[in-house]
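Take a look at the structure set out below.
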Amino acid sequence: MKYTWWLFQIIMTLLSGFFLIFGVDLMTGSYSLNDPFSFIMSFFSASFVILISLTLIISFPIKMIRVYRQINGQNDNKEKPL
Numbered sequence: 020m021k022y023t024w025w026l027f028q029i030i031m032t033l034l035s036g037f038f039l040i041f042g043v044d045l046m047t048g049s050y051s052l053n054d055p056f057s058f059i060m061s062f063f064s065a066s067f068v069i070l071i072s073l074t075l076i077i078s079f080p081i082k083m084i085r086v087y088r089q090i091n092g093q094n095d096n097k098e099k100p101l
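See below:
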């Protein structure tokens, strides 16, 4: 597997972590709004950002673990004679 794929997965995981922090900050900032409509819109948008970023934070490492296990499984099969 190419090193750029691994680097891309790590960068995307870190970027998802940034958006998670951004979503939490947006949610805490929505509580200081006085307009109920603005509060509801910012609260639900922050929840959506948090949901998507958590999904990506979970999915990228799972994908990396699956590929790593598959690569190690192929290497183990090559080293063991029948």
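Position in the sequence shown (first residue = 1) + 19 = my numbering.
For every residue, glycine included, the Cβ atom is placed at its ideal position computed from N, Cα and C.
Taking the alpha helix (DSSP H) that residue i falls in, what are its first and last residues?
i: Leu-45; result: 22-49
Can you tell me the Cβ-Cβ gap for residue i and residue j, rounded? I've got them flagged as a contact below 8 Å.
i: Ser-66; j: Phe-38; result: Contact flag wrong, Cβ pair sits at about 13 Å.
i: Ile-76; j: Thr-32; result: 6 Å
i: Ser-35; j: Phe-79; result: 7 Å
i: Ser-61; j: Leu-45; result: 6 Å
Which same chain residues end up closer than 7 Å to residue i when comparing Cβ atoms and leaving out the 5 residues on each side of it in sequence?
i: Val-43; result: Ile-69
i: Gln-89; result: none
i: Tyr-50; result: none
With a threshold of 9 Å between beta-carbons, can residue i be considered close to chain D, or not?
i: Gly-92; result: Absence of chain D from the displayed structure is noted, only one protein chain being present.
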